[in-house]
Structure formats: C-alpha cells, structure tokens
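Engineer: Residue numbers (the numbering used here): 175 to 638.
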Ligand code: SF4
Ligand code: SF4
C-alpha cells in the first residue's frame, strides 16, 4: 500500500525541549494494592456482575458481563479478592502478584480464526473497551469503513515516542491481522511522524495499511484533524454528530489487541505516557487498569508541599484535570500529564525572551541550547490583560476560525455574529489560550459559541 507524506499543516505549534518530557522507555508499574473499577466506565446498556464480595479473582477472570446477548466482558486486572461492591464501583484488593490467566483460545494467529471466533475473543478478553464498546455484534463492525491508527505524537510532553519501545513490528502486524479479520470492509490508515517512518515502512505493515506521514506540529494528532488529513472526512459534523464509519485507535490499542490474540494476555493493563515536571521518571508505563491516581502519585510523583501539582488525564492543553485521587486508569486512557500549580505571578512570561519560558516568537534560550528546559506550569504570568490584537491566536488555530473575533462577539453578547466565524469547527486544542500573551480565556468563549450554535440548530430542527 501507499506511503503518503502530508507535512503541510496550517496553524498548529511545534513544542520542544520541555522539562519533564517523556523519555522513550517503557517500564511496568508495580501492581497496586487497590484496584477501583467505576461502573460508569463499563459503557454497556445492561450488565451483570460475575463476582460477589469476598470472591477470589485472577487477572483475566470475567468480573462484569454484558446482559444483552453479546460476550462483552470486563476482566479483573489483578489477582486478589473482591473487597467492595457499591452501586457505582467494584474494588479489588490485590495480592501484589503480576501473573495472569492466559485466555484459552490464544494459540492460533488471528488470520486463522474465523470472523465470529475473532469477535468473541475480542469481546471476552476486554478488548472491545478499547473501541468504547460500540459493537454489540460482529455485523456492527461492518459500519466501519476507515480505521485510523494514531501514531502521531506532538504534544508538549510527548515528543520522543518511538514505536519500538512498545515492541517489534511483527506483534503490531498481528494486531493489523486481527483488525482485518474483524473489520474486513474497513480501509486501515496509520498516521505517523516522519521520525518513526522506518518502523512502519515494512511490508508486514504496509500490506495491511496505508501510511500517512503528518506534520510535527501539535494538534495534528487530534482525532478530528487526523480524520480530515487522512481520509478527507469530518469525524464530527457541525451539529455535533459522530461519523460512525470512522474508527480512531491508538498505536498501543492495536499492539494490545495483538497481545490478546497471539499471547493470550487479556486486557489487564494500559500502556500510558506519565510525564511532566511533577513526575520523577517521566516515560511510558504499563499500568494495571483500575490503578488509582493516588497509587501513581505514591510511586511516581515528586512531592513538594510548597508546589502543588495539577494532574491531568490527557495532554496539558486539552486533557481533563483530575479532581479526586481515587480516580482510576480506564481502558481508554493513554496519557497522564503532571504540571506544577504556579501561584506566584510572573509578568509577561510568555512574550518576554528568557531561559525557560516558551515564547510564540521562539526567541527563548531553551530553543537553542538543550541544557535549558522550558517550564510547564499553570502560571497566568501576570493575569488576564486586554487583547493587544497580536493575531497569535489566529495564526496557531489549526481550523482557521479567527478565535479572537469569536471571543470579541461573545464578550459583546452578539452570539449570532460569532457564528459567522464557524466556532463549530473548533477542536478545543487549547493553542489559542496557550499563545495568547494577554492570557484571555479564548477557548471557553469559542466553546460557548459552539454550544450556542448547536443549540440553535436543534431549535431550528424542532420548529421545522
Ligand atoms: S479556536 Fe479552538 S481549534 Fe482554534 S486554536 Fe483555539 S481551541 Fe484550537
Ligand atoms: S492572542 Fe490574545 S492578545 Fe493576541 S489577538 Fe488573540 S486574544 Fe488578542
């Protein structure tokens, strides 16, 4: 199949040389004593528990099963005892061992399984949770016409990812074989950075998938932008509806599916980036599903009472801030970022050239001398100031929507005027806020305008 190079990308931002960026190593986090599975993450309309309080479980045993006739199951991530079941979660006290029960039917390669056998294993071993559990039966897989595998890494802390830290291309190509077995109708596309081209330029991979080399600018890896640049289609319509013919997966998802099929290793863990200035050893980790942030904090975060940490699921610009240390790792997680809460205000930190500040003009010593790392924290650098019409937000916006004008109209309460600048195209990448020297909360205004637009469309539909 083809290798397509599409490096041109309007807008976006190239991050480099940040303190706490992930190193290209994969380690295993020791198994946690307490595992928490929130039922909100089970993503099934109807399910039953396969265990009760006090039961002994092994890693890979089914603990929750679908109740709608499919074989979808959530498996225990650890060996231990079910210590608590409430209306919203199940807690397992682990015995600390790292062994697991291999899945029975793993001996054959995926290409030698028939489609329904492959689908059953996919569901019973927990792999369907990697795709948000959207397929109740094998025929549902036929809705998917494109599978886009995301191997692009451009966010501030995630620049050094290399596919070979996770494993060799034979394991990855077995994952692609599985996808071929499950989704025979779908075209597979792998989106990559040029720096990793060698790994993917391999007949074992290219016989299954088209390779797209994308730009090194953030947020090229955003699902909506990936979809546009690889298959030329919108993932989410202007009204907010998902296109079900497109499935976006992470590189590690395909790898873990392969481990299930060829090694019988059920979906008991996630391969996650854990990085940022608050992490003692930033890099990639295998973490058991259900491990709490409290446990990650104990094992990996630096503790300094004077500098509280902000822990984010996802990248620092668009991830979700974790409010409770009892929050746990779920199958769809792929990054944890930990940055400093910086309360002391520093005037014009972003625009001013300096050793450790990032700057839109890139006139920062850290850009030229790698001995200095740029800081990543939550400082507003002097607080919100009036717009200086520098146009930076327009220049970085990857969807070309004039965030500054949308902000201006929303501030003046001229909501309908803001629709002229297409707020519905915003992918919420956070770059406009990041580069704004006045630290105006532009993104929130654009999000509000997008929501208002969609509300008005729904109201129009109802009145028709
Ligand atoms: S307006 Fe939206 S898409 Fe554009 S830079 Fe801001 S957050 Fe990103
Ligand atoms: S980046 Fe900030 S200061 Fe510059 S034009 Fe946009 S809103 Fe105004």
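Quick reminder that beta carbons are idealized off the backbone N, C-alpha and C, glycines included.
Comparing the CB of residue 398 with every heavy atom of ligand 1, is any distance shorter than 6 Å?
Structural biologist: What you label residue 398 is simply residue 224 of the chain shown in a count that begins at 1. No, the beta carbon of residue 398 sits no closer than 6 Å to any heavy atom of ligand 1.
Engineer: Return the Cβ separation of residue 322 and residue 401 in integer angstroms, given the expectation that the two are a contact with Cβ distance under 8 Å.
Structural biologist: In the chain shown, counting from the first residue as 1, residue 322 sits at position 148. In the chain shown, counting from the first residue as 1, residue 401 sits at position 227. Yes, residue 322 and residue 401 are in contact; Cβ-Cβ is about 6 Å, under 8 Å.
Engineer: When DSSP labels each residue in this structure, what does residue 447 get in the three-state scheme?
Structural biologist: Position 273 of the chain shown, counted from the first residue, corresponds to residue 447. Residue 447: strand per DSSP, three-state reduction.
Engineer: Helix, strand or coil: how does DSSP classify residue 423 here?
Structural biologist: Indexing the chain shown from 1 puts residue 423 at position 249. Three-state result, residue 423: strand.
Engineer: Run the proximity test for residue 428: is its beta-carbon closer than 6 Å to any non-hydrogen atom belonging to ligand 2?
Structural biologist: Taking the chain shown and counting its residues from 1, one reaches residue 428 at position 254. Residue 428: no, Cβ never under 6 Å from ligand 2.
Engineer: Output the boundary residues of the alpha helix (DSSP H) element that contains residue 267.
Structural biologist: Against the chain shown, residue 267 aligns to sequence position 93. It is not in any alpha helix (DSSP H) - residue 267 instead sits in the beta strand (DSSP E) that spans 263-268.
Engineer: Label residue 199 either buried or exposed according to how many other C-beta atoms from any shown protein chain fall within 10 Å of its C-beta, with 16 as the threshold for buried.
Structural biologist: Against the chain shown, residue 199 aligns to sequence position 25. Exposed.
Engineer: Give the straight-line distance between the Cα atoms of residue 270 and residue 427, rounded to the nearest whole angstrom.
Structural biologist: For the purposes of this step, residue 270 is identified with residue 96 of the chain shown, where counting begins at 1. For the purposes of this step, residue 427 is identified with residue 253 of the chain shown, where counting begins at 1. Answer to the nearest angstrom: the Cα atoms are 25 Å apart.
Engineer: Does the count of Cβ pairs from the segment 254-261 and the segment 417-432 closer than 8 Å reach three?
Structural biologist: Under the Cβ criterion (8 Å, minimum of three pairs), the segment 254-261 does not count as touching the segment 417-432.
Engineer: In the DSSP assignment, what are the bridge partners of residue 475?
Structural biologist: If you number the chain shown from 1, residue 475 lands on position 301. DSSP output for residue 475 lists 453 as bridge partner(s).
Engineer: Output needed for residue 512: all residues of its chain with C-beta closer than 8 Å, excluding positions within five of it in sequence on either side, in chain order.
Structural biologist: Position 338 of the chain shown holds residue 512. Hits under 8 Å: 194, 448, 449, 450, 451, 452, 453, 475, 483, 484, 485 and 486.
Engineer: Mind the definition here: the segment 180-191 touches the segment 562-575 only if three or more C-beta pairs lie below 8 Å; say whether that holds.
Structural biologist: yes
Engineer: Determine the extent of the beta strand (DSSP E) in which residue 384 is found, giving its start and end residues.
Structural biologist: Position 210 of the chain shown holds residue 384. Start and end: 383-388.
Engineer: Do the segment 351-362 and the segment 374-390 touch if we need at least three Cβ pairs shorter than 8 Å?
Structural biologist: Taking a cut-off of 8 Å for Cβ pairs, the segment 351-362 and the segment 374-390 touch, as three or more such pairs fall below it.
Engineer: Between residue 407 and the rest of its own chain, which residues show a CB-CB distance below 7 Å, the 5 nearest in sequence each way excluded?
Structural biologist: To locate residue 407, count along the chain shown from 1; it is residue 233. The answer, listed in chain order, is 401, 417 and 420.
Engineer: Of all Cβ atoms in chain B, is any one closer than 7 Å to the Cβ of residue 215?
Structural biologist: No chain B is present in this structure, which holds just one protein chain.
Engineer: Should residue 562 be listed as close to ligand 2, given that the test is whether its C-beta is under 6 Å from any heavy atom?
Structural biologist: Within the chain shown, the letter at position 388 stands for residue 562. Distances taken from the Cβ of residue 562 to the heavy atoms of ligand 2 include one shorter than 6 Å.
Engineer: Nearest by alpha-carbon distance to residue 227: which of 589, 298 and 265 is it?
Structural biologist: Numbered from 1 along the chain shown, position 53 holds the residue referred to as residue 227. The shortest Cα separation from residue 227 among 589, 298 and 265 belongs to 265.
Engineer: How would you write the range of the beta strand (DSSP E) that residue 254 sits in, first residue to last?
Structural biologist: On the chain shown, residue 254 is found 80 positions in, with the first residue counted as 1. Run containing residue 254: 254-259, per the beta strand (DSSP E) assignment.
Engineer: Here's a check: name, in chain order, each residue in its chain whose Cβ is nearer than 7 Å to the Cβ of residue 564, leaving out the five neighbours to either side.
Structural biologist: Position 390 of the chain shown, counted from the start, is the residue given in the question as residue 564. Hits under 7 Å: 611.
Engineer: Just to confirm, is the Cβ distance from residue 292 to residue 350 under 7 Å?
Structural biologist: As a first step, residue 292 is located in the chain shown; it is residue number 118 there, counting from the start. As a first step, residue 350 is located in the chain shown; it is residue number 176 there, counting from the start. Not a contact, by the Cβ cut-off of 7 Å.
Engineer: Is the beta carbon of residue 332 less than 7 Å from the beta carbon of residue 224?
Structural biologist: Here residue 332 is taken as the residue at index 158 of the chain shown, counted from 1. Here residue 224 is taken as the residue at index 50 of the chain shown, counted from 1. Not a contact, by the Cβ cut-off of 7 Å.
Engineer: Can we count residue 469 as close to ligand 1, meaning its CB is less than 6 Å from some heavy atom?
Structural biologist: In the chain shown, residue 469 corresponds to position 295, counting from 1. Distance from the C-beta of residue 469 to the nearest heavy atom of ligand 1 is not below 6 Å.
Engineer: DSSP three-state call for residue 576: helix, strand or coil?
Structural biologist: What you label residue 576 is simply residue 402 of the chain shown in a count that begins at 1. It is coil, neither helix nor strand.
Engineer: Closest to residue 369 by CA distance: which of 591, 621, 179 and 629 is it?
Structural biologist: Taking the chain shown and counting its residues from 1, the one referred to as residue 369 is at position 195. For residue 369, the nearest C-alpha among the options comes from 179.
Engineer: Tell me whether residue 361 sits in a helix, a strand or coil according to DSSP, three-state version.
Structural biologist: As a first step, residue 361 is located in the chain shown; it is residue number 187 there, counting from the start. Looking at residue 361 - three-state DSSP - the assignment turns out to be strand.
Engineer: What residues match up with residue 374 in a beta bridge as DSSP calls it?
Structural biologist: To locate residue 374, count along the chain shown from 1; it is residue 200. Looking at the DSSP assignment, residue 374 forms no beta bridge with any residue, so it has no partner.
Engineer: Which residue wins for smallest C-alpha separation from residue 466, given the options 562, 189 and 210?
Structural biologist: Residue mapping note: residue 466 aligns to position 292 of the chain shown, counting from 1. Comparing Cα-Cα distances from residue 466 to each of 562, 189 and 210, the minimum goes to 210.
Engineer: How about residue 597 and residue 580: do their beta carbons lie closer than 7 Å?
Structural biologist: For the purposes of this step, residue 597 is taken as the residue at position 423 of the chain shown. For the purposes of this step, residue 580 is taken as the residue at position 406 of the chain shown. The answer is yes: Cβ separation under 7 Å.
Engineer: Tell me which residue opens and which closes the alpha helix (DSSP H) that residue 596 is part of.
Structural biologist: Counting from 1 along the chain shown, the entry for residue 596 is found at position 422. Segment: none, residue 596 is in no alpha helix (DSSP H) and carries neither H nor E.
Engineer: Below 7 Å between beta carbons: does that hold for residue 122 and residue 190?
Structural biologist: For the chain, the structure presents residues 175 to 638; residue 122 sits outside this window and is missing.
Engineer: Give the list of continuous beta strand (DSSP E) stretches no shorter than 3 residues that lie fully inside the segment 271-354.
Structural biologist: 320-325
Engineer: Between 397, 336 and 378, which lies nearest to residue 320 when the distance is taken from Cα to Cα?
Structural biologist: One-based indexing of the chain shown puts residue 320 at position 146. Of the candidates 397, 336 and 378, the one whose C-alpha sits nearest the C-alpha of residue 320 is 397.
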